[in-house]
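Data first, discussion second: the structure below is written as structure tokens.
In the numbering used here, the protein residues as written are 27 to 327.
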């Protein structure tokens, strides 16, 4: 018999996941308060339910993709909701990006009932999900994850187990933090260049062939190891960022990210990484959050 899947939330992302599950021959019962979304899912082979409780009451696995933290908390924890209706041994994969504390609260409530709740946020867009070209990072009970990994494989291309409950969400938040901070830095740089009279498209074409596109590959592994063998000395970057910040200010271009970044490089210099690799800026962040930093040798200027 195919596994029975209860699916909560059949919006832009959830509807695509449910469709993939149906096409992989799982039995899917779904619920969404939006009648149009539910009707569209039914046309894709999903059995409709009148409530969260009805959708999950006979499920082996529950998947949910909901728009807000409060929607997730309400769906699972409100009296008479999903968690109350689940059978012991049902496993939940929650795909929304929500507050970690709420996920841990639901996980604790599920544990009391014998229902493993795993945070498994999705990294990717609707169009990439259509191609199953998305990733998930899973936090929670490993045995439950491994037992139903096949369900995730029906619609996800890259699946990574991250450890204890909450770790999947933390990894998603880190991913978003890096990506969107880089996006803001790109926007800031292009605006700076445009103010200086450069053509935005010309700048983009130039940048495609430079180290800007390979930063994770170039610096990520060494930074994670805290290996700062010099490739590009940090003092050079501190000097360059001072020049770019001054020039941006001179021509009236807003460059707050560049200015803030330079402050972190200066802090790393103060830790003795003056002649170490630029990745040693990592130590300034570790120090700021209370972790003992790795120090370098302060050279004579």
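Cβ coordinates follow ideal geometry from the N, Cα and C atoms, glycine included.
The model shown is predicted, which means the values in this text are computed figures rather than measured ones.
Residue i (DSSP reduced to helix, strand or coil)
| i | result |
| --- | --- |
| residue 189 | strand |
| residue 175 | helix |
| residue 288 | helix |
| residue 31 | strand |
| residue 73 | strand |
| residue 249 | helix |
| residue 239 | helix |
| residue 201 | helix |
Integer Cβ distance of residue i from residue j, believed to fall under 8 Å
| i | j | result |
| --- | --- | --- |
| residue 215 | residue 191 | Going by Cβ atoms, the distance from residue 215 to residue 191 rounds to 38 Å, so no, they are not a contact pair. |
| residue 48 | residue 54 | 5 Å |
| residue 31 | residue 85 | 6 Å |
| residue 128 | residue 39 | Actually they are not in contact, since the Cβ atoms of residue 128 and residue 39 sit about 19 Å apart, beyond 8 Å. |
| residue 142 | residue 125 | About 20 Å separates the two Cβ atoms, so there is no contact after all. |
| residue 293 | residue 284 | Contact doesn't hold; Cβ gap of about 15 Å is too wide. |
| residue 77 | residue 57 | 6 Å |
| residue 213 | residue 279 | No, residue 213 and residue 279 are not in contact; Cβ-Cβ is about 12 Å, not under 8 Å. |
| residue 106 | residue 79 | 6 Å |
| residue 135 | residue 52 | Going by Cβ atoms, the distance from residue 135 to residue 52 rounds to 26 Å, so no, they are not a contact pair. |
Short Cβ contact (8 Å threshold) for residue i with residue j
| i | j | result |
| --- | --- | --- |
| residue 322 | residue 249 | no |
| residue 67 | residue 34 | no |
| residue 89 | residue 46 | no |
| residue 87 | residue 203 | no |
| residue 277 | residue 221 | yes |
| residue 161 | residue 183 | yes |
| residue 108 | residue 101 | yes |
Classification of residue i by the beta-carbon crowding that lies within 10 angstroms, buried from 16 upward
| i | result |
| --- | --- |
| residue 288 | buried |
| residue 295 | buried |
| residue 237 | exposed |
| residue 326 | The pLDDT assigned to residue 326 is 49, lower than 50, so where the model puts this residue is not dependable, and the model offers no usable value. |
Of the listed residues the options, nearest to residue i (C-alpha basis)
| i | options | result |
| --- | --- | --- |
| residue 267 | 282, 135, 256 | 282 |
| residue 260 | 72, 309, 236, 170 | 309 |
| residue 119 | 139, 277, 163, 254 | 163 |
| residue 146 | 234, 188, 131 | 188 |
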